[in-house]
Amino acid sequence: MKRLTALLVVIQMTIVISHAQTFQRTPCPIVFDTDTPFVHDPVMAFENGTYYAFYTGQNIGYMTSKNRKTWTVHRDGVLRNIPEWTHDSVPGFKRHIWAPDIIQWNGRWWLAYSCSIFGKNTSAIGLLSATSLEKGDWKDEGCLVSSQGKRDNWNAIDPNFIEDEQGNLWLTWGSFWEGIQLAPLAMKRTEGGGQSLRLSDYPRTIARRYYKNTPQGLVNPTSKYAGSNAIEAPFMMKHGGYYYLFVSWDYCCRGMESNYRVVVGRSKTVSGPYIDKEGVPMYAGGGLPVIEGDKIDFEAIGHNAAYSFPDGDIFISHGYSVKHNGQSILVQRNIKWIDGWPVLE
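When you line the sequence shown up against mature numbering (1 follows the signal peptide of the UniProt record, and there is no 0), it's residues -20 to -1, 1 to 325, in that order.
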């Protein structure tokens, strides 16, 4: 009788544990206040009264909000089924997707994302499309552009879309190596017989951290492959007859040792050249400072995006929080324009 009782207890415990494990695996949205979302490389979109933020994370992290103050984090991510081509293009890549960007163009949402291994430039930028953000009916559109370590002197990560005044779409991207790249996009026939966005011309460099004046003995503390041209994370914004190119200088992803900061230049045409307030081209190392760590709230700030939303022009980025011991959290600032240049409030 004791053995039977013990057996029944074991069975009941097994059932309880099984239900508990099933419950724990069930996705459950998490709600954060505005100063607490832990995000990296954030971008945003607005659709039917809802803000959507996408960021670096497993399967492409995303969260939603009605007011950009309280956020619901969706733990499953965007891209639950990782395309097989990403593993073929980037050996060692798994599910941790970096630095997405999103734009609405020609009646669809287009989302680009980065597949890479830290410090190397064998990388790829993938592409998804959807009819609406609310539906989330994301379709794999394949590889938008890739780089190889022994072939290219640039890195296919950190994509950003920009639509020019004629309605044409462009892509800018890049991290270290030869710096920030820019190329036009167009709808082209794919291998499967359909059509999707692809580069329509060769890329060219539009911004560098250093050009011919790299300081002697400068060493990259994060990668022996990437060199010391510490520039990445381009983001373009149109305002008042200019295209503005924001980029991040120096080093991310080191917690309290990070020294990321954001600079900007502008151009009358999307293809550049982008010039800073002192007249220095960004391809030759120019850049007007926009924001950096104050060492009180943030050790460093970088990888930004900028938008004209219903409540005004907004600058977002991630900052390495002093309070949270170097964790990267969402930063939001209003933009005011002084003499044609962005100033953060």
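Ideal Cβ positions, reconstructed from N, Cα and C, are used throughout, including at glycine.
Bear in mind that the values here come from a model prediction, so they are computed numbers and not experimental data.
Along the chain, where does the alpha helix (DSSP H) containing residue i start, and where does it finish?
| i | result |
| --- | --- |
| Ser112 | Note, Ser112: premise wrong, no alpha helix (DSSP H); not H, not E. |
| Glu64 | Glu64 to Ser69 |
Taking all protein chains shown into account, decide if residue i is buried (16 or more other Cβ within 10 angstroms of its Cβ) or exposed.
| i | result |
| --- | --- |
| Ile309 | buried |
| His283 | buried |
| Asp81 | buried |
| His298 | buried |
| Gln146 | exposed |
| Arg131 | exposed |
| Pro7 | Reliability of the predicted coordinates at Pro7 is poor, the pLDDT of 45 falling under 50, and no value is obtained from them. |
| Ser155 | buried |
| Asp319 | exposed |
| His20 | buried |
| Ser127 | buried |
| Tyr254 | buried |
| Gln4 | Summary for Gln4: the model assigns pLDDT 34, below 50, so the residue's position carries little reliability, and this model does not support an answer. |
| Pro71 | exposed |
| Glu64 | exposed |
For a quick check, are the C-beta atoms of residue i and residue j less than 8 Å apart?
| i | j | result |
| --- | --- | --- |
| Gly220 | Trp317 | yes |
| Lys100 | Tyr205 | yes |
| Ile142 | Tyr222 | no |
| Ile211 | Gly159 | yes |
| Pro164 | Ser180 | yes |
| Trp153 | Asn140 | yes |
| Ala110 | Ala213 | no |
| Asn193 | Gly259 | no |
| Ala285 | Val23 | yes |
| Ile315 | Met262 | no |
| Leu91 | Phe26 | no |
| Glu279 | Ser238 | yes |
| Ile137 | Ile105 | yes |
| Leu149 | Trp85 | yes |
| Met245 | Asp256 | The sequence shown places Gly at residue 245, not Met. Yes, the Cβ-Cβ distance between Gly245 and Asp256 is below 8 Å. |
Between the options, which lies nearest to residue i when the distance is taken from Cα to Cα?
| i | options | result |
| --- | --- | --- |
| Val58 | Lys46, Asn101, Ser96 and Trp118 | Trp118 |
| Gly129 | Leu151, Ser69 and Ala187 | Ser69 |
| Arg169 | Cys123, Glu143 and Gly197 | Cys123 |
| Val270 | Cys95, Tyr191, Gly207 and Arg313 | Arg313 |
| Cys95 | Asn135, Cys232 and Gly273 | Asn135 |
| Leu42 | Thr194, Val302, Glu258 and Glu114 | The sequence as given places Tyr at residue 42; Leu does not occur at that position. The candidate whose alpha carbon is nearest that of Tyr42 is Glu114. |
| Gly197 | Asn209, Lys257, Gln307 and Asp144 | Asn209 |
| Gly37 | Gly207, Tyr93, Ala187 and Ala213 | Tyr93 |
| Val11 | Tyr35, Phe34, Phe26 and Ser45 | Ser45 |
| Leu162 | Ala285, Ser251 and Thr50 | Ser251 |
| Tyr240 | Val323, Ser301 and Tyr254 | Ser301 |
| Cys232 | Asn200, Arg55, Asn133 and Lys49 | Asn200 |
| Pro195 | Thr202, Arg184, Gly207 and Phe18 | Gly207 |
| Gly235 | Ile281, Arg188, Arg246 and Phe73 | Ile281 |
| Lys49 | Val311, Gly267 and Glu121 | Val311 |
| Tyr190 | Gly173, Ser228, Met216 and Tyr182 | Ser228 |
| Lys248 | Ser112, Lys218, Asp293 and Gly174 | Lys218 |
| Gly29 | Val243, Lys303, Pro290 and Ile77 | Pro290 |
| Asp293 | Gly273, Ile276, Val323 and Asp274 | Val323 |
| Gly306 | Trp51, Val53, Phe295 and Lys275 | Lys275 |
| Val53 | Asn39, Trp65, Glu64 and Pro17 | Pro17 |
| Ile83 | Ser288, His304, Lys303 and Glu325 | Ser288 |
| Lys303 | Glu325, Asp277 and Glu121 | Asp277 |
Terminal residues of the continuous beta strand (DSSP E) containing residue i?
| i | result |
| --- | --- |
| Ser247 | Arg241 to Ser247 |
| Asn135 | Unbroken run through Asn135: none, as it is neither H nor E. |
| Met24 | Val23 to Glu27 |
| Val311 | Ser308 to Ile318 |
| Leu165 | Ile160 to Arg169 |
| Phe34 | Thr30 to Tyr35 |
| Ser176 | Gln175 to Leu179 |
Tell me the DSSP bridge mates of residue i?
| i | result |
| --- | --- |
| Met217 | Tyr224 |
| Val323 | Lys316 |
| Ala280 | Tyr300 |
| Cys123 | Gly106 |
| His76 | Gln38 |
| Leu268 | Val244 |
| Ala285 | Ile296 |
| Cys95 | Ala104 |
| Leu151 | Phe141 and Ala163 |
| Arg184 | Leu162 |
| Thr44 | Tyr32 and Thr52 |
| Gln84 | Trp89 |
| Trp229 | Ile211 and Arg241 |
| Pro261 | Ile255 |
Nearer than 7 Å: is that true of the beta carbon of residue i relative to any heavy atom of the ligand FMN?
| i | result |
| --- | --- |
| Gly29 | You won't find the ligand FMN in this model; it holds no ligand whatsoever. |
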